[in-house]
Amino acid sequence: MVIDLKEIRKRGKTEEDFFFEYLPQGELVSIPNVSIVPPVKVLGKIMLTGRNSAYVEAEISFTLAGECTKCLSHTEKSFTVSLAEEFSSEGAEDAYEYRADKVDLTKAVDDKLILEMPLVFVCGEDCKGVQI
Numbered sequence: 023m024v025i026d027l028k029e030i031r032k033r034g035k036t037e038e039d040f041f042f043e044y045l046p047q048g049e050l051v052s053i054p055n056v057s058i059v060p061p062v063k064v065l066g067k068i069m070l071t072g073r074n075s076a077y078v079e080a081e082i083s084f085t086l087a088g089e090c091t092k093c094l095s096h097t098e099k100s101f102t103v104s105l106a107e108e109f110s111s112e113g114a115e116d117a118y119e120y121r122a123d124k125v126d127l128t129k130a131v132d133d134k135l136i137l138e139m140p141l142v143f144v145c146g147e148d149c150k151g152v153q154i
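Going from the sequence shown to the working numbering is simple: count from 1 and add 22.
Have a look at this one:
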């Protein structure tokens, strides 16, 4: 998920829409027996905010599948979360860093997925749990 800022500037633009699908690396889901169904989709816009900075706004869509935390039935749910992050090549304190005019969105998207991941995964609000 790399965006080349040089290419955007060459086209005389200061912003550009993008769309990526990717397979997250590593274990981003901490809920037992639940995983992300690939691909994760990222749709957004990057805006050049200075010679050494850019701002990204995006919607991240992903689906989780696995066992309901309460009743253990197979469940699949889709989620959409918003991403709004600053990127800088100068090591700005509150920004993700980029190098050589290439912004890699992977860390920002992975961080957002981890932050927005539900703590429990239930099949529905009315789930009564395992019935014995």
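We treat Cβ as the ideally placed atom computed from N, Cα and C, and that holds for glycine. The structure displayed is predicted, hence computed values, not measured ones.
Measuring alpha carbon to alpha carbon, tell me which residue in the options is nearest residue i.
| i | options | result |
| --- | --- | --- |
| F143 | D26, K35, T85 | T85 |
| I136 | V103, V125, F109 | V103 |
| I30 | K124, G151, T91 | K124 |
Here's the rule: buried if 16 or more other CB atoms are within 10 angstroms of the residue's CB, otherwise exposed. What is residue i?
| i | result |
| --- | --- |
| S107 | The residue you asked about is not Ser; residue 107 is Glu in the sequence shown. Looking at its Cβ environment, which holds 16 or more other Cβ atoms inside 10 Å, E107 is buried. |
| K129 | exposed |
| F109 | buried |
I need the boundaries of the beta strand (DSSP E) containing residue i, first residue and last residue.
| i | result |
| --- | --- |
| D39 | 37-44 |
| L105 | 96-110 |
| D126 | 124-126 |
Taking only three categories from DSSP, how would you classify residue i?
| i | result |
| --- | --- |
| I30 | helix |
| E49 | coil |
| V131 | helix |
Between which two residues does the alpha helix (DSSP H) harbouring residue i extend?
| i | result |
| --- | --- |
| L141 | Note, L141: premise wrong, no alpha helix (DSSP H); not H, not E. |
Using 8 Å as the cut-off, can you tell me whether the segment 49-57 makes contact with the segment 68-75, which would need three or more C-beta pairs spanning the two stretches below that distance?
no
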